[in-house]
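Protein sequences, first through last, are from chains H and Y. For the first sequence, my numbering begins at 14 and goes up steadily by one. For the second sequence, my numbering begins at 14 and goes up steadily by one. Every residue gets a Cβ at the ideal spot worked out from N, C-alpha and C, and that includes glycine. From a predicted model like this one, the values you see are computed outputs, not experimental measurements. Data block below; observations after.
Protein chains: 2
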Amino acid sequence: MGVAHALPTRAPLPPAFVESLRGLFCERLHLSEAVRRQHGASETHFEVQLPDAVVYPHSTEEVVALVKLCAAHTVPLVPFGAGTSIEGNTIPVRGGVTVDLSEMNRIVAVNPDDFDCTVEAGVRREQLNEHLRDKGLFFPIDPGANATIGGMASTRASGTNAVRYGTMREAILSLRVVTPDGRDIRTARRARKSAAGYDLTRLMIGAEGTLGIITEVTLRLHGIPEDISSAVCSFETLAGAVDTVVQSIQLGVPLARVEILDDVQMRAVNRHSKLDYPERTTLFFEFHGSPNSVADQVAVVSALAADNGGGDFQYSNLPEQRSKLWKARHEAFYAAVALRKGAQGWPTDVCVPIGRLADCINETKRDLDTASFPAPILGHVGDGNFHVIFVIDPNNPAEQKEAEALNARLVERALAMDGTCTGEHGIGIGKQDWLVRELGEDGVAMMRAIKRAIDPKNLFNPGKIFAD
Amino acid sequence: MGVAHALPTRAPLPPAFVESLRGLFCERLHLSEAVRRQHGASETHFEVQLPDAVVYPHSTEEVVALVKLCAAHTVPLVPFGAGTSIEGNTIPVRGGVTVDLSEMNRIVAVNPDDFDCTVEAGVRREQLNEHLRDKGLFFPIDPGANATIGGMASTRASGTNAVRYGTMREAILSLRVVTPDGRDIRTARRARKSAAGYDLTRLMIGAEGTLGIITEVTLRLHGIPEDISSAVCSFETLAGAVDTVVQSIQLGVPLARVEILDDVQMRAVNRHSKLDYPERTTLFFEFHGSPNSVADQVAVVSALAADNGGGDFQYSNLPEQRSKLWKARHEAFYAAVALRKGAQGWPTDVCVPIGRLADCINETKRDLDTASFPAPILGHVGDGNFHVIFVIDPNNPAEQKEAEALNARLVERALAMDGTCTGEHGIGIGKQDWLVRELGEDGVAMMRAIKRAIDPKNLFNPGKIFAD
Chain H
14 MGVAHALPTR APLPPAFVES LRGLFCERLH LSEAVRRQHG ASETHFEVQL PDAVVYPHST
74 EEVVALVKLC AAHTVPLVPF GAGTSIEGNT IPVRGGVTVD LSEMNRIVAV NPDDFDCTVE
134 AGVRREQLNE HLRDKGLFFP IDPGANATIG GMASTRASGT NAVRYGTMRE AILSLRVVTP
194 DGRDIRTARR ARKSAAGYDL TRLMIGAEGT LGIITEVTLR LHGIPEDISS AVCSFETLAG
254 AVDTVVQSIQ LGVPLARVEI LDDVQMRAVN RHSKLDYPER TTLFFEFHGS PNSVADQVAV
314 VSALAADNGG GDFQYSNLPE QRSKLWKARH EAFYAAVALR KGAQGWPTDV CVPIGRLADC
374 INETKRDLDT ASFPAPILGH VGDGNFHVIF VIDPNNPAEQ KEAEALNARL VERALAMDGT
434 CTGEHGIGIG KQDWLVRELG EDGVAMMRAI KRAIDPKNLF NPGKIFAD
Chain Y
14 MGVAHALPTR APLPPAFVES LRGLFCERLH LSEAVRRQHG ASETHFEVQL PDAVVYPHST
74 EEVVALVKLC AAHTVPLVPF GAGTSIEGNT IPVRGGVTVD LSEMNRIVAV NPDDFDCTVE
134 AGVRREQLNE HLRDKGLFFP IDPGANATIG GMASTRASGT NAVRYGTMRE AILSLRVVTP
194 DGRDIRTARR ARKSAAGYDL TRLMIGAEGT LGIITEVTLR LHGIPEDISS AVCSFETLAG
254 AVDTVVQSIQ LGVPLARVEI LDDVQMRAVN RHSKLDYPER TTLFFEFHGS PNSVADQVAV
314 VSALAADNGG GDFQYSNLPE QRSKLWKARH EAFYAAVALR KGAQGWPTDV CVPIGRLADC
374 INETKRDLDT ASFPAPILGH VGDGNFHVIF VIDPNNPAEQ KEAEALNARL VERALAMDGT
434 CTGEHGIGIG KQDWLVRELG EDGVAMMRAI KRAIDPKNLF NPGKIFAD
C-alpha cells in the first residue's frame with residue numbers, strides 16, 4: 014500500500030547525539046517503536062516511515078538547543094502537531110528527530126482590547142476557542158480536524174469559515190520561529206498591518222516546517238457575533254447551488270460559512286449522522302451578525318436559492334440545530350469513509366476561480382461516474398475549493414492506481430482553469446510534481462533558492478514541498 | 014536639505030551598455046537631466062539622487078531583456094510607478110537605470126464571474142476603478158494618491174478601506190515578476206486561496222522591487238455595494254473617538270472606512286477644502302452593504318458615538334455629500350502642507366495594536382505640544398495606523414532635526430506598544446534602522462539571506478530596506 018518513496022538506507026543516530034538528546038529532554042525523548050510509529054504514520058494513503066527519535070520540547074529555548082544539536086550532527090528534524098495533515102507533511106522521509114510540539118500548549122496571552130492572542134504552537138483550535146469564549150472572542154479558522162495552531166500555520170490551513178474570515182494567511186499577525194541556524198526570531202510585531210520589509214510571517218505560513226520551527230503564533234481574533242444562524246438547502250442542479258453562492262457574494266452578503274455537499278456525500282452524512290436530508294446537492298450556510306443583519310442576509314440568500322432551483326430553505330437560529338448541522342459537516346470525511354467497511358479516505362484538494370467551480374465539479378462528477386469506489390464531493394464553495402474523497406480499499410493496489418489517475422485528471426482540470434493543486438492541504442510529499450506543473454520550474458527554482466539560503470544543510474523537514 | 018546618504022562616486026554607464034539599451038528601447042530611453050531628475054526626486058524630505066538613465070518598457074519581455082542586459086553589465090535597476098512613495102523607495106541611491114512602468118498600463122483581463130482582474134503594473138487605481146464601474150465591481154485599496162498597482166504592491170500599500178477589505182497583501186492573488194536572473198515567473202494561479210509551497214506572492218508584496226520587478230498583478234475585486242453611506246462625527250476626547258471604533262469592531266460592524274483626524278488636521282481641512290466642521294477630533298465613516306444592513310450599521314455606530322461623547326452624527330446617503338467628505342480626506346495631506354507657505358510635509362507612519370491607539374496618539378500629541386511647526390494627525394483608526402504630518406520648512410535644518418527627533422520618539426513609543434515603524438509606507442531608505450529595532454538583527458539577517466539568494470549581485474533597487 015501507499016506511494017513508494019525509495020530511500021537510501023539510513024545510518025542509525027550517532028550514540029553521542031542520542032546521549033546529548035537525552036541530556037536535553039530526559040524522559041521526553043522517545044525511542045520506542047510505538048511512539049515512533051505514531052509519528053511516522055498519517056491519516057491518508059502514504060507509506061509509514063519512522064523517525065529515529067521523538068522529543069517533546071516544553072519551550073522555545075529547548076527547540077533552539079535541539080536545532081543546534083541536530084545541526085552539529087547533521088540530523089534532520091520534522092515538526093509535528095496533531096498529525097492531522099493530509100499530504101504526508103509530517104512523515105519523516107529522511108528519518109531523524111520528530112519534534113512533537115503538542116506539549117507546548119500554553120495560551121501565552123490574550124489581548125481582548127487588541128483582538129489578538131499569542132499561543133504556543135501546540136495549542137489546539139478547540140482548546141483556544143474554549144479559552145476565549147467568556148471573553149466574547151473567537152478564532153475563526155476551522156479546518157475540521159482539531160489541529161494544532163502551529164500545524165495549521167505550517168500548512169496554510171483554512172476550512173469552512175475562510176469565505177468570511179480568510180485563511181491562516183490572514184489570521185496570523187506574527188510568528189516566533191526557530192531558524193535552521195538556531196536563531197529565535199519574531200517575524201513581526203502585533204500591529205494589524207505592517208510594511209516593514211519582507212513578509213517573513215507569510216513566508217513561514219505554508220512552508221511546512223522546511224524553513225523554521227514555529228513555536229508561538231500571534232493570532233487575530235474576532236468578536237463572537239450577536240446572532241449566529243444556520244440554514245440548509247438542497248438544489249436541483251449543482252450549477253443552481255453554485256450560482257446561489259456567487260450571486261450572494263456579488264451582492265456583498267457576508268456569508269460566514271457556505272459548504273457544498275453532493276448527493277453521494279449527503280447519503281453518507283445521512284447514514285453516519287442519522288439524518289434525513291434530501292440526498293441531492295446541498296448547501297450548508299452559517300450567517301453571522303446583528304439580528305437585523307442576519308435576517309437581511311437570510312432574506313437575500315433564500316430568495317436567490319429559490320431563483321436557482323433550491324428546495325425548502327431550512328433556516329434556524331437555534332444553537333442545537335446549528336450544532337447538529339455542523340457536527341454532520343465536520344464528520345463528513347468519516348461519514349464518507351464509513352460508506353465502505355475497512356476503507357481508507359483519500360481527500361483531493363483543488364481550488365479554482367469561483368466562476369469555474371460549477372464546471373469543475375460537474376466535469377469531475379462525470380469522470381467519477383465510472384469509478385469502482387464511492388467518491389463523494391464536499392467543498393468550501395465560497396472559495397472555489399472542493400474535495401473529492403476517494404473511499405478506497407487500502408489493500409487493493411488497483412484502486413490506489415485508479416484513485417491516482419482520477420486525482421491526476423482532477424488536478425489537470427483545475428490547472429487548466431487557472432486553479433491550484435491544493436487549496437488548503439499543502440504539498441507535503443503528495444503534490445510535488447503538481448507544484449512544478451502549477452508554477453513552472455522557474456517558480457519552484459525560486460522556492461529552492463530560498464530553502465538553500467535559509468536551510469543550507471537541508472535538515473528542516475527535508476524532502477517536503479520539493480524533492481531534495 | 015534632506016537626509017544625507019554619503020555614496021561612493023559612481024562610474025558613468027559603459028557606452029556599450031548605453032548602446033544596447035538604445036537598441037532595446039529607442040526613443041523610450043531617456044538620458045536628459047529633466048527626466049532623470051523627475052525619477053530621482055520624491056514627495057518627501059529625501060535628497061534627490063538621479064538615475065543614470067530612464068527607460069519605459071512596454072512588455073514583460075522587454076523587462077526580461079533589460080534585466081539580462083543590466084546583469085551582464087552589473088548595472089542597478091530601480092522600478093518606478095507613479096513616484097508617490099513616501100520613504101524614498103524609488104530614489105536610485107546607487108544610480109543605474111530607473112524602469113518606469115507607467116506605460117505598461119493595459120488592463121489585461123477582467124473576470125467578473127471570478128471577482129478578479131489582471132492588470133499591467135503601471136495601471137493606476139483610479140483608471141482601474143473607472144474601467145470596472147460598469148461591471149458592478151470595484152478594487153477597494155485606496156492609499157489616497159493615485160498610485161500604480163505595481164507600486165502599491167511593492168510597498169504593501171493600504172489606506173482608508175483596509176479595515177474592511179484588507180491591504181495589498183490580501184488584495185493580490187498572483188503576480189508576474191521578472192527575477193534578477195531574468196526569469197519571467199507567475200507567483201500563483203488565480204484561485205482565491207492556495208497552499209502550494211512558499212508564498213512567493215506575499216514575498217514580493219512589500220519587497221520594494223528588491224527581489225523582482227512586478228510587471229502584472231492579478232487582483233481580487235468586490236461587488237459595488239448596493240448602498241454606500243457616509244457620516245462625520247466629532248468627539249470631546251480622542252479616547253471617545255477610538256473607543257467608538259473599537260466597540261463597533263467588537264460588535265462586528267463591518268465598517269468600510271473609518272478615519273480619524275485631530276483638531277489640527279480638521280482646521281487644515283476646513284481651510285483647504287472650505288468646509289466648516291467642528292475643529293475637534295473627528296471620525297469620517299463609510300458604510301457599505303444592503304440598505305437594511307447600512308441602516309443597521311449606522312444605528313449601532315451612532316449610538317456608540319453618543320455614548321462616547323460624540324457630537325452631532327452627520328449621516329448622509331447622498332453621493333455628493335460622500336464625495337465632498339472623502340475629497341476632503343484625500344486632500345488632507347495637501348491641506349496640512351498648506352498650513353504653512355512654502356512648507357514640505359513629512360508623514361510618519363506607525364501602527365499599533367488597536368487597544369493602544371488612543372494612548373499612542375495622546376502621548377504623541379503631548380510630545381507635539383512644543384513642536385515649532387504644525388503637526389496634524391490623521392489615521393486609519395480601525396487598523397491602529399496613524400500619520401503625524403510634520404509641516405516643515407525645507408530650508409531649515411533645525412526643523413528637519415526636530416522632526417527627526419519627534420519621529421524617533423514616535424517610533425520608539427509604537428515599538429514599546431508592540432507596534433510597527435511602518436503601517437503602509439514601507440522601509441525605503443527612511444526606516445532602515447527602525448526595521449532592525451523592530452525585528453532584531455536576526456530577523457533582518459533572514460531578509461538579507463533571502464535577498465542574497467535571489468539577487469546575489471544586488472542589482473535590484475540596491476540600498477533599500479537594508480543597507481548594502
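Return yes when the Cβ of residue j is within less than 7 Å of the Cβ of residue i, no when it is not.
{"i": "Asp309(H)", "j": "Ser303(Y)", "result": "yes"}
{"i": "Val258(H)", "j": "Gly395(H)", "result": "yes"}
{"i": "Glu249(Y)", "j": "Gly322(Y)", "result": "yes"}
{"i": "Ala95(Y)", "j": "Ala166(Y)", "result": "no"}
{"i": "Thr228(H)", "j": "Leu186(H)", "result": "no"}
{"i": "Val266(H)", "j": "Val313(H)", "result": "yes"}
{"i": "Ala170(Y)", "j": "Glu437(Y)", "result": "yes"}
{"i": "His71(Y)", "j": "Thr111(Y)", "result": "no"}
{"i": "Leu44(H)", "j": "Leu34(H)", "result": "no"}
{"i": "Ile405(Y)", "j": "Ala349(Y)", "result": "no"}
{"i": "Ala97(Y)", "j": "Ala158(Y)", "result": "For clarity, residue 97(Y) is Thr in the given sequence; the question names Ala instead. Taking 7 Å as the Cβ cut-off, Thr97(Y) and Ala158(Y) qualify as a contacting pair."}
{"i": "Gly225(H)", "j": "Thr180(H)", "result": "no"}
{"i": "Gly392(Y)", "j": "Ile273(Y)", "result": "yes"}
{"i": "Asp197(Y)", "j": "Val77(Y)", "result": "yes"}
{"i": "Ala208(H)", "j": "Gly219(Y)", "result": "yes"}
{"i": "Leu152(Y)", "j": "Leu141(Y)", "result": "Note that residue 152(Y) is Phe in the sequence shown, not Leu. Result yes, Cβ atoms of Phe152(Y) and Leu141(Y) sit closer than 7 Å."}
Among the options, which residue has its Cα nearest to the Cα of residue i?
{"i": "Ile374(Y)", "options": "Leu216(Y), Gln334(Y), Val255(Y)", "result": "Val255(Y)"}
{"i": "Arg189(H)", "options": "Thr131(H), Phe300(H), Leu268(H)", "result": "Thr131(H)"}
{"i": "Thr295(Y)", "options": "Ala316(Y), Gly253(Y), Ser329(Y)", "result": "Gly253(Y)"}
{"i": "His144(H)", "options": "Ala341(H), Ala24(H), Asn174(H), Pro125(H)", "result": "Pro125(H)"}
{"i": "Tyr361(Y)", "options": "Tyr328(Y), Arg202(Y), Val424(Y)", "result": "Looking at the sequence itself, residue 361(Y) is Thr, so the reference to Tyr does not match. Nearest option by C-alpha distance: Val424(Y)."}
{"i": "Ala269(H)", "options": "Ala244(H), Arg293(H), Leu251(H)", "result": "Ala244(H)"}
{"i": "Phe485(H)", "options": "Gly358(H), Gln263(H), Ser336(H)", "result": "No statement about residue 485(H) is possible, as the shown extent of chain H runs from 14 to 481 and does not include it."}
{"i": "Glu221(H)", "options": "Gly149(H), Arg177(H), Gly101(H)", "result": "Gly101(H)"}
{"i": "Ala204(H)", "options": "Glu183(H), Met217(H), Leu216(H)", "result": "Glu183(H)"}
{"i": "Asp155(H)", "options": "Gln334(H), Lys148(H), Ala175(H)", "result": "Ala175(H)"}
{"i": "Thr168(Y)", "options": "Ile467(Y), Ile440(Y), Asp275(Y)", "result": "Ile440(Y)"}
{"i": "Thr433(Y)", "options": "Arg369(Y), Ala318(Y), Glu133(Y), Arg50(Y)", "result": "Arg369(Y)"}
{"i": "Ala47(H)", "options": "Gly36(H), Val67(H), Val31(H)", "result": "Val67(H)"}
{"i": "Arg501(Y)", "options": "Gly36(Y), Leu331(Y), Lys378(Y)", "result": "Here chain Y covers residues 14 to 481 and nothing more, so residue 501(Y) does not appear."}
{"i": "Ser247(Y)", "options": "Cys39(Y), Phe326(Y), Ala429(Y)", "result": "Phe326(Y)"}
Legend entry - Segment contact, 8 Å Cβ cut-off, at least three pairs: the stretch 464-479 of chain H with the stretch 78-98 of chain H: Judged by Cβ distances under 8 Å, the stretch 464-479 of chain H makes contact with the stretch 78-98 of chain H, as three or more pairs qualify.
Legend entry - Complete runs of the beta strand (DSSP E) confined to the stretch 292-344 of chain Y [at least 3 residues]: 295-302, 327-329
Inset, instruction - Tell me, please, whether the stretch 287-296 of chain Y touches the stretch 276-283 of chain H by the rule of three or more beta-carbon pairs shorter than 8 Å. - result: no
Legend entry - Contact list for the stretch 173-206 of chain H against chain Y, Cβ threshold 8 Å: Ala175, Gly179, Thr180, Arg182, Glu183, Thr192, Arg196, Asp197, Ile198, Arg199, Thr200, Ala201, Arg202, Arg203, Ala204, Arg205, Lys206
Inset, instruction - Please determine if the stretch 321-337 of chain Y and the stretch 366-386 of chain Y are in contact, where contact requires at least 3 C-beta pairs separated by less than 8 Å. - result: no
Inset, instruction - Give the residues from the stretch 280-291 of chain H that approach chain Y closer than 7 Å (Cβ to any Cβ), ordered along the chain. - result: Result list empty, no residue passes.
Legend entry - Touching by the beta-carbon criterion (3+ pairs, under 8 Å), the stretch 233-240 of chain Y and the stretch 209-219 of chain Y: No: the two stretches stay apart, fewer than three of their Cβ pairs being nearer than 8 Å.
Legend entry - Residues of the stretch 218-241 of chain H with Cβ closer than 8 Å to any Cβ of chain Y, in chain order: Those residues of the stretch 218-241 of chain H placed with their C-beta closer than 8 Å to a C-beta in chain Y are Ile218, Gly219, Ala220, Leu224, His235, Gly236, Pro238, Glu239, ordered along the chain.
Legend entry - Stretch-stretch touch, CB-based, cutoff 8 Å, three pairs: the stretch 440-456 of chain Y with the stretch 440-450 of chain H: no
Inset, instruction - Using a Cβ-Cβ cut-off of less than 9 Å, list which residues of the stretch 128-139 of chain H approach chain Y; keep chain order. - result: Phe128, Asp129
Legend entry - contact_flag[the stretch 120-128 of chain Y, the stretch 55-70 of chain Y] where n(CB pairs < 8 Å) is 3 or more: no
Legend entry - Interface residues of the stretch 145-174 of chain H facing chain Y [CB-CB below 8 Å]: Gly149, Thr168, Arg169, Ala170, Ser171
Inset, instruction - Report the residue ranges of all alpha helix (DSSP H) runs contained in full by the stretch 192-277 of chain Y; include only those spanning at least 4 residues, in chain order. - result: If we require 4 residues or more, the alpha helix (DSSP H) runs fully inside the stretch 192-277 of chain Y come out as 213-217, 251-263.
Legend entry - Within 7 Å of chain Y by C-beta, residues of the stretch 386-404 of chain H in sequence order: Asp396, Gly397, Asn398
Inset, instruction - Please specify which runs of the beta strand (DSSP E), each continuous and at least 3 residues long, are wholly inside the stretch 19-89 of chain Y, giving them in chain order. - result: 66-68
Legend entry - In chain order, each beta strand (DSSP E) run of at least 3 residues that lies wholly inside the stretch 389-467 of chain Y: 390-393, 398-405
Inset, instruction - Using a Cβ-Cβ cut-off of less than 7 Å, list which residues of the stretch 59-82 of chain Y approach chain H; keep chain order. - result: none
Legend entry - Residue ranges of each alpha helix (DSSP H) within the stretch 146-179 of chain Y, 4 or longer: 162-167, 175-178
Legend entry - Residues of the stretch 306-324 of chain H whose Cβ lies closer than 9 Å to any Cβ of chain Y, in chain order: Ser306, Ala308, Asp309, Gln310, Ala312, Val313
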